[in-house]
Amino acid sequence: MQRFFDTLEAIHQFTRSLDQHAFLCASCKTCGQFVSHGFCHKQHKFAATKTVGKRILCSKRSGRTGCGRTVQLYIASEVPRLHYDTAQLFAFITALLANRSITAAYEKAVGKPEPRHAWRWFKKLTQQLIVYRHYFHRDALTAAAVFHTHSLTRQLLLPTLQTLFSRAHQALNHIANFQKAHQVQFM
Ligand SMILES: [Zn+2]
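Structure follows, in structure tokens:
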């Protein structure tokens, strides 16, 4: 089932036509029991609460035989559970690629030093390494492997991120594109 969409309107259209598609629930393996379950919101650091998607429910009421599990559908420009925009996350990655330290990259991206969060972001990115590498051939990496760093983690992560973004158009939101294209949460 699609999880990331271009716009809220596209999500809304999708949830209005749930009955026309017999979507399989990943938890209970029954089909076609999903109902729309309202919008989901997120508290952003730099903005008021923002509507970022909708929730659907594998319903067990009103004659339906689902399991009660909810699934969240997001606009592709939002990383689930991230309290910053994809623009800040991308700025963090760009600063890492420019060989800044993890804490300096974070401060450049969000405008204040928060070392604990900086390391948390870095760790989340490294946990996704296998996911990122799934989307390009290993040979593509060699040309990008020019980072001078003693950290093995950075040696693995930075060329991966550079390769991942190198084929995308500059003006586009790379992270949103990734989520939309692969239907996978970026981080
Ligand atoms: Zn279910």
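Okay, so the sequence shown: first residue is 32 according to this note's numbering, each after it adds one. Using N, Cα and C, we set each Cβ at its ideal position, and we do this for glycine too. Small disclaimer: the values here were computed from a predicted structure and weren't measured.
So the candidates are the options; which of them puts its Cα closest to the Cα of residue i?
| i | options | result |
| --- | --- | --- |
| PHE32 | HIS168, TYR166, GLY63 | It should be noted that the sequence gives Met, not Phe, for residue 32. Nearest of HIS168, TYR166, GLY63 to MET32, Cα basis: GLY63. |
| LYS211 | ALA79, LEU128, CYS89, PRO111 | PRO111 |
| ALA122 | PHE153, GLN74, GLN214, ILE42 | PHE153 |
| PHE217 | GLN186, ILE161, PHE65 | ILE161 |
| CYS89 | HIS168, PHE54, CYS71, LEU188 | PHE54 |
| THR101 | ASN130, CYS71, LEU113 | CYS71 |
| HIS148 | SER48, LEU113, GLN214 | LEU113 |
| ARG131 | ARG92, ALA171, LEU189, CYS98 | LEU189 |
| HIS213 | GLY97, CYS98, TYR163, ASN204 | TYR163 |
Quick one: measure Cβ to Cβ for residue i and residue j, integer angstroms, because I've assumed they're closer than 8 Å.
| i | j | result |
| --- | --- | --- |
| ILE124 | LEU192 | 6 Å |
| ILE206 | THR117 | 4 Å |
| ILE133 | PHE36 | That belief does not hold up - the Cβ atoms of ILE133 and PHE36 are roughly 32 Å apart, past 8 Å. |
| SER67 | THR38 | Actually they are not in contact, since the Cβ atoms of SER67 and THR38 sit about 16 Å apart, beyond 8 Å. |
| TYR115 | LYS76 | 6 Å |
| LEU104 | ARG34 | 6 Å |
| GLN119 | VAL141 | 5 Å |
| PHE169 | PHE178 | First, the amino acid is wrong: residue 169 is Arg here, not Phe. Contact doesn't hold; Cβ gap of about 17 Å is too wide. |
Exposed or buried, what is residue i when buried is set at 16 or more other beta-carbons lying within 10 Å of its beta-carbon?
| i | result |
| --- | --- |
| HIS165 | exposed |
| LEU156 | buried |
| LYS85 | buried |
| SER108 | buried |
| ALA57 | exposed |
| THR194 | buried |
| GLY94 | exposed |
| GLY69 | exposed |
| LEU183 | exposed |
So who's on the other strand from residue i, going by DSSP bridges?
| i | result |
| --- | --- |
| PHE36 | ILE106 |
Regarding residue i and ligand 3, is the C-beta to nearest heavy atom distance less than 6 Å?
| i | result |
| --- | --- |
| CYS98 | No copy of ligand 3 appears in this structure; the ligands present are ligand 1. |
Secondary structure, beta strand (DSSP E): runs of 3+ residues fully inside the region 44-131: 65-73, 81-89, 101-106
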